[in-house]
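Going by the UniProt record's numbering, the first residue of the sequence shown is number 1, and it counts up by one from there. Data first, discussion second: the structure below is written as structure tokens.
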Amino acid sequence: MTRSSTTRPGTVRFVGGGPGNAGMLTCRARDVLAGTAVVYVDADVPEDVLRLVANEVPVPQELLDERQAAMDEAVASEDKAEIKRLKNAPAPTAADVRTAIGEPKSIAKTLVAEAKKGHDVVRLVSGDPMTCDIASAEITAVGRTVVPFEVIPGLAPATSVPAFAGIVLGSGHLAVDARRDVDWSVVAQGPLPIVITTSASHLAETQKALCEQGLAPSTAVTVTAAGSMVSQKSADGVLTELASLGKTFDGELVVTLGKQAASRHKQQWWESRALFGWNVLVPRTKEQSADMSSRIRDFGAVPIEVPTISVEPPRSPAQMERAVKGLVDGRYEWIVFTSANAVKAVWEKFCEFGLDSRAFSGVRVAAVGEKTAERVRELGITPELLPRGEQSSQGLLEVFPPYEPDVDPASRVLLPRADIATETLAAGLAELGWETEDVTAYRTVRAAPPAAEIRDMIKSGGFDAVCFTSSSTVR
């Protein structure tokens with residue numbers, strides 16, 4: 001599914017992006033997005049979905065060379081501002097994301113032309129391609145050519161968003177799009193519930209049309225914006241209030257009418273989560289994984305990540321090089337990892353010297369917490385010691401064995417850590433009789449200031465909570 005240099009035509013794949021939540025994509029959709037570089041998208045496809053594009057496609061060497069050349073030039077000219085900007089800039093990717101502009105036939109022509117160059121190409125649409133009039137027209141146009149194509153369905157907002165609002169539609173609902181030509185007399189006389197995909201600008205005319213065609217003014221209605229997202233909002237009322245219910249909402253709206261909307265609070269599960277609607281500031285290292293943000297989303301909050309520090313190698317490699325040599329020579333009885341970054345730093349130094357996990361064969365391994373231990377296990381090594389209770393340096397000290405000269409061949413403990421690490425662990429090990437070698441494995445450097453919008457939210461109290469993931473981010 002990557003770009004090809006042959007003349008054999010690529011495949012055009014129409015991928016349904018679902019209601020917006022990247023977690024609602026099908027497995028096939030995720031695989032296709034990750035393995036394709038050229039993607040034409042609708043303007044309303046969320047950033048969370050776009051981040052999946054080309055994740056498994058190698059970054060073109062020319063992009064890497066351009067970035068390195070820019071960095072070399074900045075270093076040569078001693079342009080500190082440019083050096084900092086380049087360090088904090090997103091890493092190059094193979095993703096070539098383009099907005100689909102024009103009529104369906106024009107877009108289809110563009111897709112076919114790209115495929116004829118030998119490139120696989122994705123047409124990413126919101127919802128489901130087969131229930132979207134524009135995407136369906138594009139599929140029909142591409143189907144008239146000799147270029148192979150595939151359709152990967154997605155969850156349609158008309159059925160998925162009511163589920164996120166706690167509305168049980170059943171099998172007899174009617175779905176329409178108010179932004180298209182609609183025979184409202186048929187809709188008003190049809191079975192309930194009625195699900196209408198629309199926007200705020202169409203609500204007043206929708207309300208008027210349904211009332212004029214005989215739908216009861218007291219019909220229960222729910223308007224849902226940002227359906228399936230952590231920012232989802234729903235407003236409840238009756239048909240005569242429809243225009244006012246969604247006037248403050250942006251983007252695509254899903255309106256559900258019928259008694260099922262009135263009873264949604266009994267089945268409400270998405271908007272009733274513990275932290276739903278909270279804005280949580282997550283300061284983290286630039287390189288850190290987004291696991292914490294994912295967990296925050298699971299509780300219904302909106303995580304807003306701000307890189308506060310970046311992780312860089314120590315200024316001098318000599319100390320780490322001596323430590324690695326000491327590991328190989330059996331100088332240490334223990335190596336204690338205090339963070340995933342420390343594990344990464346030691347492993348990178350191993351790779352630099354052509355070593356692998358066998359270099360740990362003569363040393364006992366400890367980790368301060370399960371997250372750090374997971375990173376150690378990824379290297380094929382099982383930590384021998386972890387805290388039983390509190391996942392911290394203090395927790396590890398509570399279970400760490402004292403040095404016994406008659407039992408332990410070596411008295412030294414290697415402690416690869418950040419340049420600003422606290423002394424709690426080293427001091428505690430010394431009290432247990434161990435000789436610690438505290439080695440700077442990596443440096444923590446301040447990242448660029450957050451965007452003006454985030455700074456304004458911080459100043460104005462726009463965040464409900466802040467979640468620190470390390471002592472470095474606190475500093």
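C-beta atoms are modelled at their ideal positions from N, C-alpha and C, and glycine is treated no differently.
Per the C-alpha coordinates, the member of Ala178, Pro191, Arg273 positioned closest to glycine 170 is Pro191. In the structure shown, proline 416 adopts extended strand secondary structure according to DSSP, grouped into three states.
In the structure shown, the three-state DSSP call for valine 324 is helix. According to DSSP, residue pairing for phenylalanine 249 in a beta bridge does not occur.
Between valine 336 and cysteine 467, the gap from beta carbon to beta carbon reaches 7 Å or more. Distances from the alpha-carbon of isoleucine 454 to those of Glu305, Val151, Glu138, His265 put Glu305 closest.
Take the alpha-carbon of serine 294 and the one of serine 218: they are about 40 Å apart. In this structure, proline 387 places its C-beta atom within 7 Å of the C-beta atom of leucine 396. Every beta strand (DSSP E) of 3 residues or more that sits fully in the stretch 196 to 276 is shown, in chain order, as 220 to 225, 233 to 238, 253 to 257.
In this structure arginine 412 is in contact with glutamate 437, their Cβ atoms being roughly 6 Å apart against a cut-off of 8 Å.
If you check the CB distance, valine 223 and alanine 261 do not come in under 7 Å. For the pair valine 151 and proline 129, the CB atoms are nearer than the 7 Å cut-off.
In this model, leucine 242 and proline 19 are separated by some 22 Å (Cα to Cα). In this structure, valine 45 sits away from alanine 94, with a CB-CB distance that is not shorter than 7 Å.
Annotated as proximal: tyrosine 40 and arginine 123, with beta-carbon spacing under 7 Å. In the DSSP assignment, alanine 175 falls within the beta strand (DSSP E) that extends over 174 to 177. For valine 280, the closest alpha carbon among the candidates Gly300, Trp269, Ser77, Arg264 is that of Gly300. The DSSP-derived three-state label of threonine 469 is coil. Proximity of the stretch 396 to 410 to the stretch 423 to 441 meets the contact definition, three or more beta-carbon pairs being nearer than 8 Å. Here the C-alpha atom of lysine 266 lies approximately 8 Å from the C-alpha atom of glycine 166.
Non-local C-beta neighbours of proline 409 in its own chain, meaning closer than 8 Å and more than five positions away in sequence, comprise Gly330, Glu333, ordered along the chain. Judged by DSSP in its simplified three-state form, glutamate 378 adopts coil rather than helix or strand. In this structure, the CA atom of glycine 23 is about 35 Å from the CA atom of serine 357. Shown here, phenylalanine 360 sits in a helix according to DSSP, grouped into three states.
Residue Pro193 holds the alpha-carbon nearest to the alpha-carbon of threonine 256 among Arg180, Pro104, Ala373, Pro193.
DSSP links arginine 446 through a beta bridge to Ile309. Under the criterion of beta carbons closer than 8 Å, valine 75 and alanine 115 do not qualify as touching, at roughly 42 Å.
Taking every protein chain shown into account, the CB of aspartate 120 has 16 or more other CB atoms within 10 angstroms, so this residue is buried.
Relative to the Cα of valine 474, the nearest Cα in the group Gln391, Ala441, Thr308, Lys459 belongs to Thr308.
Using a Cβ distance threshold of 7 Å, alanine 175 and alanine 163 do not count as a contacting pair.
Membership of valine 125 in the beta strand (DSSP E) is indicated by the continuous run 121 to 125. If you draw a 10 Å sphere on the C-beta of glycine 16, you find 16 or more other C-beta atoms in it, and that means buried. Inclusion of alanine 418 and tyrosine 442 in the CB contact set at 7 Å is warranted, their separation being smaller than that value.
In its chain, beyond the 5 residues on either side, Ala115, Lys116, Val147 have a beta carbon closer than 6 Å to the beta carbon of proline 9. Collapsing the DSSP output to three states places alanine 301 in coil. Where arginine 455 is concerned, the enclosing alpha helix (DSSP H) starts and stops at 452 to 460.
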